[in-house]
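Undergrad: Numbering (our numbering), first residue to last: 5 to 944. Every residue, glycine too, gets a C-beta built ideally from N, C-alpha and C.
#1: Below 8 Å CB to CB, which residues in the same chain sit around residue 59 once its five sequence neighbours on both sides are set aside?
#2: Let me know the beta strand (DSSP E) ranges lying completely inside the region 189-261, each 3 residues or longer, listed in chain order.
#3: Residue range of the alpha helix (DSSP H) that residue 184 falls in?
#4: Pick helix, strand or coil for residue 735, following the three-state DSSP scheme.
#5: Can you give me the start and stop residues for the beta strand (DSSP E) that residue 414 sits inside?
#6: Is the beta carbon of residue 126 less than 8 Å from the beta carbon of residue 55?
#7: In whole angstroms, what separates the C-alpha of residue 593 from that of residue 605?
#8: Are three or more beta carbon pairs between the region 68-75 and the region 145-163 nearer than 8 Å?
#9: By how many angstroms is the C-alpha of residue 170 removed from the C-alpha of residue 347?
#10: Around the Cβ of residue 317, are there at least 16 other Cβ atoms within 10 angstroms (buried) or fewer (exposed)?
#11: Grab me the residues of residue 867's own chain with a C-beta within less than 7 Å of its C-beta, minus the 5 sequence neighbours each way, in chain order.
#12: Using the DSSP secondary-structure output, state which residues sit across from residue 443 in a beta bridge.
#13: Among residues of its own chain, excluding the 5 on either side of residue 681, which ones have a beta-carbon nearer than 7 Å to its beta-carbon?
#14: May I have the straight-line CA-CA distance separating residue 150 from residue 388, to the nearest angstrom?
#15: Touch check for the region 330-347 and the region 294-313: three-plus C-beta pairs under 8 Å?
#16: Using the three-state DSSP reduction, which class does residue 356 fall into: helix, strand or coil?
#17: Please report how far the alpha carbon of residue 69 lies from the alpha carbon of residue 177, in whole angstroms.
#18: Beta-carbon separation of residue 478 and residue 466 under 8 Å?
#19: Going by DSSP in three states, residue 858 sits in which element: helix, strand or coil?
#20: Between which two residues does the alpha helix (DSSP H) holding residue 685 run?
#21: State the DSSP-derived secondary structure class of residue 476, mapped to helix, strand or coil.
#22: What is the rounded straight-line gap between the Cα of residue 462 and the Cα of residue 589?
#23: Quick check on this structure: which residue in 853, 53, 438 and 929 has the alpha carbon closest to the alpha carbon of residue 139?
#24: If residue 586 and residue 601 are in contact, beta carbons under 8 Å, what's the gap, nearest whole angstrom?
#25: Locate the beta strand (DSSP E) running through residue 585, then write down its first and last residues.
#26: May I have the straight-line CA-CA distance separating residue 315 from residue 379, to the nearest angstrom?
#27: Use the C-beta contact count for residue 774: other C-beta atoms within 10 angstroms, 16 or more gives buried, fewer gives exposed.
#28: In three-state terms, what does DSSP make of residue 79?
#29: Find out if the Cβ-Cβ distance for the pair residue 546, residue 584 is shorter than 8 Å.
#30: Helix or strand or just coil, what does DSSP make of residue 72?
#31: Using the Cα positions of residue 390 and residue 620, report the straight-line distance between them to the nearest angstrom.
#32: Whole angstroms are fine: how far does the CA of residue 569 sit from the CA of residue 558?
#33: What does DSSP give as the partner residue(s) for residue 134 in the beta ladder?
#34: What residue from 382, 652, 367 and 410 has the CA that sits closest to residue 355's CA?
#35: For residue 480, I'd like the list of residues in its chain whose CB is within less than 6 Å of its CB, leaving aside the five on either flank, ordered along the chain.
#36: Of the residues 721, 163 and 790, which one's Cα is nearest the Cα of residue 731?
Right under this line is the structure:
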């Protein structure tokens, strides 16, 4: 028994008064809130009321439009465009535009929009998120605002979660848009730039979030405006908005190029760590934070093993010279103790390691873990270790989608993340009522002591449901668990289908038939599957699968009619059996994923049921659940195979999920704070880069850069208020020779009477201007303008790439500043600004130096009708390969700064004395293939 502490006050104490008053206050507050809601309605009710008031205006157009011929209905589009051109707003023409889409949909698609779908369309047009239950027809709802905003000709993007949905929706809804005279395109993986440009030029463009984001990054790495594929951003509707803007927002989009190959080191370190992790005393892991670290005994052990393997040759593991080795050890440790095959990733048929999306269960082709983790996993699985990559361009989904002036989204589950949508994206969530009330029965969770008991209970329930012809959808959280349940059902002789990342290509077909009598479907997380589960099955897909001939003609029509009759009869059987039964085998850390799984049942008023099965061994229960729950179940004396079922447990689990969601929100918000720093710089760089491409020539910019470079050189050599004897004119003379290729008697100028910093700067500027003018005259003014633009863009890209790498390194270690009582974010902002300033200075120097030295081969002057580029090996431009052939560059790196000085033409690789002032970024004259600064110039 716990005793209350002694109180020092003398007046009588009434126990519990504080808590009673608090409870009364909370009661009064909740009563007032309920009274306010009863009188005024919720904010959601008020928004719905506002949009519902516009329904009569839309409905009033229906008889008139229904009487029109197809040609007359199609003439609505130019009519509405004319009203926009005359100055009317989109809101003013909304009723007639929505009514036009509804009528066209009846004729083209055979579907008429419900009133609640009209409200959903208005919500999307207003730049909000429409939360609509599964099966309520979100794809059809989107056609309303898409058509309305497509009338402006500025482009509307409809963003989906995978290529299949993008292709399917653009094909189906494209018939409607084309009927009404709007063009519709689709962006999927594997398209050429020409095909992408054509798709973006359409009034409406469907595509995935990854494709849209990567096209944006690639566009800002192009060298000519006509190579860019995207237009200016206008309006986007994001399907499965919670999956894209929340779940995937923790991982930025990154375009990268190969860095130095260290695959052998990954394999060697993996062999050490593989043995190390056999002893759990050598490391400790935190599953909540997904971190792993060596213990003191572990550090001592791994040092000895690394020395034996010849990997640790000097000093201790944590000495400065071994920082790379520490990085490899840490990533290998994470790979072994935190990441599991068939849960976090799979090894596909080609022997490549592919990440599995934890929220959708889909393979994420082309996506790789950063900072060497992917290579560590490849070494762990014994597959080919791909070279590490260096970031060339990156952006988070948060910052990409905030580029759109107008953004909207739709999903079945967004209200649990409403705060995040409001704070990050300024998007309000509006819950749209269902067309028919939901009649699904949601049972309380069943909690078992062990996972084995839980899975046996699931298998027994599935067998029981199948016996009465009730279709069952079993949701799992990983491939491993879906295959475990599959084995249990096989042992019981229950036929079933498995849908996970291994069978991704069969996804739509499996899901579409999951509502057939007695069908059993095991699926990993159901977020964003995009295909309705219709009771009785999908007649069209069944007919296509069972008909060998062409899908047209009387035979096909007869076959389709027969299948439809069969599906109708099967639907009656399924409804009699209770509709689709959704069984969750584990609670996900996000309530939305559970709700999405549950929402698969009971679509459009269909009967259905759902139940979740849990055990104390589940990750959520084990890591985040209350420790008291396990003790409570033990005290209750549960027997083998028994479960506890109570609403209190549901509430306890919901609290645990809320904690995890809050933590994940903090993670995403923290990521965004750091990316916002880079985003400001990214916007400035991309804007400046586009300005350079749009300019007829950049001669003024180049001249300004040259003058600023000279001013900086002089300021460093002749500090303000310094005496002449403190001037570094010898160093300045050397700098002028190295940077500008000019041999000026700067040292002698210092001996002249009355010379000052201004006079020195002006003399250097005059000499540089004359040299530049002479070079331009020799090359040809028009050609020189092309050369200047090309060099400026290339060096700009090189400097930005190196800046991104510097920011990556800064970001990895900035958290340690907290130990010095400094805010890591403020430190990051300050240092990132300094790095950006240094990048601009480096840019000016490189451009100036290269343009003051560049030469064209007199033997074959290249015809250059368009701007040229020095080919970047990571982003080759085959069209320009011939045009660039006439350039003479001593530097082998595509982004190298200055070419070698002219004095170095007689370089002897065997004689270092002939390597006359080799620039640090040029190839080392010894022939090693490395840059000079990484080879013989390391000690120079």
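TA: Per the coordinate set shown:
#1: 119, 122 and 123
#2: 208-212 and 239-243
#3: That residue, residue 184, is in no alpha helix (DSSP H); it is neither H nor E in DSSP.
#4: helix
#5: 410-415
#6: yes
#7: 21 Å
#8: no
#9: 26 Å
#10: exposed
#11: Any reading at residue 867 needs caution, since the residue's pLDDT is 38, under 50, leaving its predicted position unreliable; the model's value is listed next. Answer for residue 867: no residue qualifies.
#12: 611
#13: 832, 833 and 836
#14: 45 Å
#15: yes
#16: coil
#17: 20 Å
#18: yes
#19: coil
#20: 651-698
#21: strand
#22: 7 Å
#23: 438
#24: 6 Å
#25: 584-588
#26: 18 Å
#27: exposed
#28: coil
#29: no
#30: coil
#31: 39 Å
#32: 17 Å
#33: 414 and 434
#34: 382
#35: 486, 528 and 589
#36: 721
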